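Worksheet: one structure, shown below.
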Amino acid sequence: MKKIAIVAAAALVLGATGEARAQEWFWGGSYSMSLPLANTKDFNEGFSFRGVTIEGRKIINENFSTGLSFGWHVMNDVRTGTIELDNAAAFGTWYTYTNSFPLFVNAHYYAGKPGGIRPFLGANVGTAIYEQRAEVGQVAFTEDKWRFAVAPEAGFVIPLGWYVRGFVSARYHYMTGSPTQQYLSFNVGIASN
Numbered sequence: 000m001k002k003i004a005i006v007a008a009a010a011l012v013l014g015a016t017g018e019a020r021a022q023e024w025f026w027g028g029s030y031s032m033s034l035p036l037a038n039t040k041d042f043n044e045g046f047s048f049r050g051v052t053i054e055g056r057k058i059i060n061e062n063f064s065t066g067l068s069f070g071w072h073v074m075n076d077v078r079t080g081t082i083e084l085d086n087a088a089a090f091g092t093w094y095t096y097t098n099s100f101p102l103f104v105n106a107h108y109y110a111g112k113p114g115g116i117r118p119f120l121g122a123n124v125g126t127a128i129y130e131q132r133a134e135v136g137q138v139a140f141t142e143d144k145w146r147f148a149v150a151p152e153a154g155f156v157i158p159l160g161w162y163v164r165g166f167v168s169a170r171y172h173y174m175t176g177s178p179t180q181q182y183l184s185f186n187v188g189i190a191s192n
């Protein structure tokens with residue numbers, strides 16, 4: 000009987016620990032839309048509906064998390080006219096593309112009580128591969144750069160049910176370099192732990 004009690008107690012402890020461990024991380028993905036700003040807007044003017052972000056957050060306590068985030072945001076534009084490049088200028092119908100691949104470590108602060116709708120503020124710091132491509136006729140100009148990047152963030156986490164959360168957020172992406180690149184991303188996603 001004593002052995003059964005020890006095994007049952009161990010199972011309860013390990014089961015409780017496993018449950019707590021499962022709740023320490025949550026993983027999610029979001030559909031990301033982008034609005035180019037400043038120098039990025041000079042290259043691609045329009046609002047983009049092409050992007051994705053994947054992230055994991057480790058819950059430190061009920062109001063704080065740290066984690067990782069990876070995104071792919073695409074902006075494109077078509078225009079007719081003269082475009083200025085580093086060492087040249089050309090006239091024609093231009094197709095411009097920007098691909099941004101941010102990779103961040105992050106920290107988030109959550110207001111409100113667990114189990115309800117919770118507003119949050121976040122700080123994302125890391126790097127980004129930033130590619131700009133301009134095409135006219137048979138000619139294409141491409142520039143790829145690694146850049147240091149930061150992205151402050153604000154949003155809401157919305158409980159949807161059994162270990163599932165929805166979230167909406169806006170991030171202001173700022174990438175160093177010459178010239179600096181900036182855009183807003185609007186994210187709508189789902190996460191689970």
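Terminal number for the sequence shown in numbering that gives the first Met the number 0: 192, no gaps in between. Backbone N, C-alpha and C define an ideal beta-carbon position, used for all residues, glycine too. Bear in mind that the values here come from a model prediction, so they are computed numbers and not experimental data.
With a cutoff of 9 Å on beta-carbon distance, S68 and F46 are scored as not near each other. Contact check for P101 against N123 passes: the beta carbons are separated by less than 9 Å. Taking V135 as the centre and dropping the five residues before and after it, the same chain places the C-beta of A89, G91, T92 and W93 closer than 7 Å to its C-beta, in chain order. Distance from the CA of A127 to the CA of V149, rounded to the nearest whole angstrom, comes to 9 Å. Non-local C-beta neighbours of N43 in its own chain, meaning closer than 8 Å and more than five positions away in sequence, comprise P35, M74, N75, D76, T95, Y96 and T97, ordered along the chain.
DSSP, read as helix, strand or coil, puts N75 in strand. Of the residues assessed, R117 falls on the buried side of the cut-off, its CB having 16 or more other CB atoms within 10 angstroms. A190 counts as buried, since no fewer than 16 other beta carbons sit within 10 angstroms of its beta carbon.
Measuring C-alpha to C-alpha distances from S99 to each of T79, G111, R132 and I82 identifies R132 as the nearest. E152 has its alpha-carbon roughly 24 Å from the corresponding atom of S177.
Excluding five sequence positions before and after V187, the CB atoms of its chain that fall closer than 7 Å to its own CB belong to S29, Y30 and V167, given in chain order. If you look at F46, you'll find it isn't in any beta strand (DSSP E); DSSP assigns it neither H nor E. Rounded to whole angstroms, the gap between the alpha carbons of Y162 and F119 is 18 Å. Contact between A37 and Q181 holds: CB atoms are separated by about 5 Å, below the 8 Å threshold. DSSP, reduced to helix, strand and coil, places T39 within a helical segment of the structure shown. A straight-line Cα-Cα distance of about 5 Å links S64 and K57.
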